[in-house]
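See below:
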């Protein structure tokens with residue numbers, strides 16, 4: 001049995017299915033997609049990749065599968081799905097997700113097309129696995145799909161601990177071994193055994209604190225917004241076909257952006273960390289509801305309106321209005337006094353953590369340093385922002 | 001400059017005041033008082049002591065004092081207070097606290113008598129420090145007393161991280177360096193700089209999760225209750241004078257209990273981990289208010305009543321009804337948009353964490369394994385407990 | 001299956017045999033015997049115990065046994081032996097070992113008498129295990145006894161890593177998981193698989209560096225020598241029978257020493273860390289061979305001679321002349337190019353590490369601070385020490 | 001003061017010089033040069049970069065400079081040199097070093113040209129620093145240049161600990177805080193204070209074990225050899241000017257190789273981890289001296305000779321004959337009994353560690369999987385290798 005040394009889980013044991021899958025180009029590509037994309041611009045040691053994360057998710061899925069004593073066909077499918085669960089991610093992961101969805105019409109968890117289009121499908125079949133079933137599992141569907149993509153999946157467990165290890169921020173350090181040991185199957189779905197409300201809460205807390213400190217850091221959001229606009233231009237201009245775009249690595253995307261004149265300035269700014277800055281930074285309460293949960297087209301219209309008002313080039317304004325926060329962990333099933341219950345029904349913390357998430361929500365308007373003042377004034381007017389718009 | 005290697009903070013640098021203080025019997029005694037007293041009966045590696053913890057608190061206070069750029073007289077006083085802050089603890093720390101308070105009439109944070117009664121007072125004076133002022137600081141009074149004993153003191157920062165390191169439970173691993181860096185003085189009191197609501201919350205969360213998992217574990221509570229009853233007997237019978245009792249080490253107390261016939265059985269049970277077990281274990285909602293926040297005498301009356309009802313010896317029943325939980329961190333001052341605010345006014349988590357604390361609250365009735373059944377029935381009747389009384 | 005949380009190995013799973021063994025007084029006693037005895041006087045956080053270490057050794061033995069795929073009877077015996085391997089240790093472990101051997105005539109690895117004299121023997125038999133076979137395994141005899149006590153046993157693997165974690169000194173942090181994975185059985189004995197010369201060397205290096213930094217620190221050696229002299233007095237005077245002495249805890253021994261007038265001063269000094277100091281501290285090359293590897297009687301004669309020469313009380317001189325260092329790891333079997341070889345035949349490091357061990361060797365003469373000058377002069381004369389005798 | 005969170009050193013404080021230097025393209029480029037280049041093909045979590053490493057080296061230099069209490073001009077120069085010490089590295093660091101030296105005629109530690117050619121020189125001057133003096137320090141010349149590049153420099157201290165953290169291999173975890181605290185200036189040069197022979201040895205040991213386990217892993221050597229050949233072709237064909245080549249990032253080099261037909265196959269193999277394999281793998285003793293320490297031209301001649309003998313294309317044979325190992329740490333100055341001495345004069349380990357380094361030396365001949373058999377036979381003949389040539 002092959003073993004791989006990992007910075008988080010120490011030794012990871014691979015079976016033959018895992019070895020065959022690792023030996024494919026789509027899996028090897030994940031070595032060149034950072035787990036935290038532009039977070040490394042804030043936390044310089046956050047350079048870990050979706051490749052090592054995939055190994056970690058595979059490892060935790062293996063432990064869970066052993067502990068649950070599943071039959072070997074299902075166990076193999078879950079392990080395989082855990083290993084390939086991130087192959088659908090484009091360059092810079094979540095930061096090009098929206099652009100890819102707009103042009104490709106698919107979410108990164110829908111990977112059936114990718115299994116068919118690459119050697120991964122054939123390898124799965126050679127190993128006696130049904131690609132469609134594996135793809136469904138990655139999408140959280142089918143038997144125990146929630147182990148790979150659900151309220152308390154092994155994906156989240158690995159990334160919290162791994163992101164803590166590589167950023168140096170301790171908040172993500174959950175007791176993943178306890179969570180995996182607490183897994184039970186109740187009515188066919190994954191649940192945590194009795195006595196584990198606090199165990200589930202700890203995962204939710206960890207994600208909330210990592211959101212506030214790491215994942216939603218404004219520098220990373222600014223870089224991500226710049227990437228989105230540049231990617232959109234590339235895709236809209238037909239410079240790269242969406243299905244090819246989705247398979248670029250982080251650096252291949254940067255190189256492509258640098259080579260195309262309309263996006264070359266944004267590419268240079270990203271590379272040299274000479275980023276746009278916050279012209280406006282507004283709390284949830286200061287922003288009228290009509291500017292939250294807006295679509296892409298409306299966003300671009302508003303950007304143009306702000307740019308017009310400010311007298312700057314439209315490309316000098318980026319509006320970043322995130323949707324309202326979600327908290328999938330709160331729907332985790334935990335057995336309490338013998339009965340399976342939703343975490344949110346039993347936890348006194350879920351409401352507070354939801355409020356925390358709303359508390360850190362910010363609408364941002366970003367602009368090059370030289371244009372900050374006029375863009376701030378124009379944005380505050382156009383978006384009818386209450387109070388001090390400065391960060 | 002002398003340095004000491006520490007498992008948590010790596011190198012700790014000592015100045016001359018610290019060296020002189022460490023070289024006294026009251027400080028050396030803390031080598032023999034475990035930080036987590038009977039928690040080692042649940043988490044076997046929790047054998048760290050109040051001595052190393054005192055060094056850690058001194059280290060964090062030193063860092064804070066440097067960062068706040070205080071004048072050297074106040075800085076010396078704060079460092080000294082941090083180092084000696086735990087000398088007032090009796091054997092097994094919090095677990096004999098109530099017995100000592102009943103007989104000595106003093107809380108462990110009131111150490112002025114102890115400084116006078118031991119060489120510590122003289123050493124402080126030799127080093128140019130006023131023992132009374134140091135004692136006040138340990139009690140949280142006087143200039144920046146809240147650094148040593150307050151809503152977000154360095155005591156708590158050290159023990160959370162240290163307890164996590166030595167138990168293996170990750171929840172206590174807070175970002176103490178960030179907290180210390182965030183310290184500011186606002187209107188003469190300690191506050192956290194703007195942008196640190198989540199930093200303060202993380203400390204509160206860590207304590208809540210450590211409470212649920214470590215500090216309030218029922219096995220440790222049972223052992224602590226047994227220690228309290230045995231200590232009470234020793235003190236009530238005049239076997240040891242309270243001021244001497246307060247200066248025993250953990251093991252000296254166990255030896256004293258073992259040598260005195262009326263407490264020897266409890267001592268043996270503690271040593272061999274052959275503890276009482278939970279006859280009854282009731283949530284807050286299942287217990288009538290009249291049985292919460294009751295005094296010691298009422299507790300003993302109820303124990304006798306339960307024992308009578310159950311037909312067992314009174315020593316075979318221990319009632320453990322903790323007070324309602326408190327959350328000092330929620331009163332921490334955090335600067336928000338330039339204004340000092342109480343954390344509880346600004347945090348969406350405080351209420352949820354308070355609810356968590358109530359959620360893990362349990363009233364316990366403990367008895368020797370052979371007496372569990374009758375004691376459970378009797379206790380449920382006497383205490384009018386609603387629902388299933390079994391753990 | 002019961003699991004225990006450990007600071008080093010995270011979760012340790014216990015089977016029924018382990019649970020039954022843990023529930024005995026001889027095993028619970030190990031909670032009160034520090035793994036590193038007086039090292040905590042130098043490294044304040046070194047308070048971990050032989051109890052948690054025993055759990056760690058059990059855990060590694062379990063992993064090894066699973067990996068080697070042994071038959072279940074042998075596996076159970078090895079696991080049980082790993083768990084109880086330290087029950088023969090007296091108070092303060094190695095620091096009273098010599099005194100116990102002088103009076104009891106047994107080494108701490110010979111535990112057959114103890115299994116018979118305590119409930120441990122009966123528990124082993126109830127669990128279908130032969131106490132004699134378990135005792136032999138603890139002593140390194142019988143099938144795979146070298147897993148528990150041998151050139152590269154799991155005892156050493158656990159203590160190196162655990163001592164590093166709790167002292168803060170990183171040198172002991174070996175890759176124990178790799179060592180356990182490398183275990184093979186070659187001709188009935190334990191060997192490391194091909195390609196593991198460096199793996200074996202790393203364990204030898206770790207112990208050499210931990211010796212230099214932690215285990216052989218002079219303050220701990222002084223405290224240990226004081227303990228030896230006091231223990232000798234207690235045993236020689238018949239104050240405690242040797243078989244009872246061997247079963248005291250650390251603190252019970254200190255209390256016993258404090259209660260007996262002839263040893264009470266040494267006890268107080270140990271408790272208050274007001275230790276003897278180094279009057280003389282001599283390298284191997286500076287000491288004539290006739291003063292190395294000397295017996296206890298000769299040592300005491302020399303002490304008296306030095307005291308006489310110095311004009312001080314005989315109890316004011318302690319001579320500490322350690323034997324020449326040994327290096328059991330160098331006899332570990334490692335497969336090289338398909339052939340089992342002794343590590344020392346294949347490693348270029350063994351000779352250098354042996355030289356290191358000789359390099360840190362020191363003969364010490366210790367005395368109370370007030371007597372240092374005359375004792376130094378007298379000791380240098382009597383022991384014919386070459387060069388500067390001061391530390 | 002700006003602080004940066006680091007996975008290894010926690011908070012790193014930046015002064016104005018550091019902030020200005022970080023804000024330049026040559027420093028930002030280091031975010032895209034992996035510290036361990038192709039080691040991530042073996043240890044998947046080894047994706048940390050020369051950027052975070054540079055911050056770590058700066059941090060340790062700052063601590064050293066504070067501890068040595070240097071005058072501020074020298075302190076600033078040393079800090080600046082520590083921060084920029086790696087800007088001269090080409091893509092993939094050491095793995096393109098030889099190709100760059102052949103074509104550019106400069107070693108990566110000679111950075112004066114680079115300071116002049118980029119904004120770095122101007123920034124240094126604006127901050128009152130002399131670029132030539134900073135460049136000399138990076139090269140180990142001038143006052144305390146050995147702090148940045150010497151026998152026991154802070155560069156090595158950081159990379160050992162950082163590489164351990166991100167690979168998961170514990171051997172590099174040295175006590176860097178102790179080393180920095182032990183720094184003294186003796187006769188104008190850096191030395192370790194008395195009592196630190198073992199401290200110095202521990203760094204040498206750590207590098208030796210990391211060499212064996214991580215740095216010289218054959219998969220990384222194979223990938224590095226492939227990179228060297230491809231880079232040579234690119235440079236020899238004039239596709240990229242050497243001074244531009246030296247400033248590519250890892251991914252820019254891979255992209256450039258992929259775009260140039262003669263190197264595109266090697267680039268694809270590197271990206272998909274479909275590497276050459278070991279046809280021959282010979283210990284030092286099995287290789288005639290005339291094939292060790294050979295130049296590049298001779299290497300290529302031998303490759304062609306082997307290819308001819310094997311009947312394969314010349315590009316299908318890579319000969320990798322490393323020079324004899326060196327051990328700069330052995331020339332570290334350590335004070336022993338008041339006298340500065342070379343470590344190698346005082347350490348019993350240096351010789352053994354040198355032997356270890358020779359022990360892990362291997363000459364490799366690599367070829368595509370399909371050509372292994374004929375290349376092995378041809379190489380064994382041409383190179384006159386003694387014994388079994390297979391890995």
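Protein chains in written order, with full-length UniProt numbering: chain A, 1 to 391; chain B, 1 to 391; chain C, 1 to 391; chain D, 1 to 391.
Just so it is clear, CB atoms sit at the ideal spot from N, CA and C, and this is done for glycine as well.
Element boundaries [alpha helix (DSSP H), containing residue 205 of chain A]:
197-210
CB contact flag (residue 357 of chain A, residue 213 of chain A, <8 Å):
no
Cβ of residue 203 of chain A within 8 Å of Cβ of residue 126 of chain A?
no
Report yes or no: is there a C-beta of chain G within less than 8 Å of the C-beta of residue 65 of chain B?
Protein chains A, B, C and D are contained in the structure displayed, whereas chain G is not.
Taking C-beta to C-beta, are residue 321 of chain A and residue 38 of chain A nearer than 8 Å?
no
Taking only beta carbons into account, state which residues of the region 165-176 of chain C come closer than 8 Å to chain D, listed in chain order.
169, 170, 171, 173, 174, 175
Which residues in chain B sit within 7 Å of residue 55 of chain C, going by Cβ to Cβ distance?
44
Within its chain, find whatever has a CB closer than 6 Å to the CB of residue 281 of chain A; leave out the 5 residues flanking it on each side and keep chain order.
362, 364, 391
Once the 5 residues before and after residue 124 of chain A are set aside, which same chain residues still bring their CB inside 7 Å of it?
80, 115, 131, 134
Given this structure, state the Cα-to-Cα distance separating residue 61 of chain B from residue 82 of chain B, to the nearest angstrom.
7 Å
Which residues mark the beginning and the end of the alpha helix (DSSP H) in which residue 224 of chain A is found?
218-236
C-beta contact flag for residue 401 of chain C and residue 266 of chain C at 8 Å:
Absent from the structure is residue 401 of chain C, since the part of chain C shown begins at 1 and ends at 391.
Residue 190 of chain A, DSSP secondary structure in three states:
strand
What residues match up with residue 364 of chain B in a beta bridge as DSSP calls it?
B:281, B:320
Which of the three DSSP states is assigned to residue 256 of chain A in this structure?
helix
Among all the DSSP beta bridges, which residues are the ones paired with residue 243 of chain A?
Residue 243 of chain A pairs with nothing; no bridge assigned.
Would you call the region 339-353 of chain B and the region 6-24 of chain C in contact, with 3 or more CB pairs under 8 Å?
no
Which term fits residue 2 of chain B, buried or exposed, when burial requires 16 or more other beta carbons within 10 angstroms of its beta carbon?
exposed
Going by DSSP in three states, residue 23 of chain B sits in which element: helix, strand or coil?
coil
Kindly list the residues whose CB is nearer than 6 Å to the CB of residue 59 of chain C, restricted to its own chain and excluding five residues on each side of it in sequence; keep chain order.
9, 12
Starting from residue 14 of chain C and walking both ways along the alpha helix (DSSP H), at which residues does that stretch end?
Where residue 14 of chain C is concerned, there is no enclosing alpha helix (DSSP H), although the beta strand (DSSP E) it sits in stretches over 10-14.
For the region 172-203 of chain D, which residues have a beta carbon sitting closer than 8 Å to at least one beta carbon of chain B?
177, 178, 181
Just reading off the alpha helix (DSSP H) that residue 344 of chain D is part of, what are its end residues?
343-346
Report the neighbours of residue 69 of chain D on chain B: residues whose CB is nearer than 7 Å to its CB, in chain order.
None at all; the shortest Cβ gap to chain B is about 13 Å.
Compare the C-beta of residue 158 of chain C with all C-beta atoms of chain A and state if any pair is closer than 8 Å.
no
Using CA coordinates, which residue listed in C:240, C:247, C:319, C:328 is at the minimum distance from residue 223 of chain C?
C:319
What residues are listed by DSSP as bridge partners for residue 333 of chain A?
A:342
Cross-chain neighbours of residue 5 of chain B in chain C, by beta carbon under 7 Å
43, 167, 168, 169
Does the CB of residue 378 of chain C have a neighbour CB from chain B at under 8 Å?
no
Which residue marks the beginning of the beta strand (DSSP E) containing residue 6 of chain D, and which one marks its end?
2-6
Which residues, in order along the region 330-351 of chain B, keep a beta-carbon less than 9 Å from a beta-carbon of chain A?
337, 346, 347, 348, 349, 350, 351
Does DSSP put residue 49 of chain A in a helix, a strand or coil?
strand
In the DSSP assignment, find the unbroken alpha helix (DSSP H) run with residue 107 of chain A in it and report its ends.
Here residue 107 of chain A belongs to no alpha helix (DSSP H), and DSSP marks it neither H nor E.
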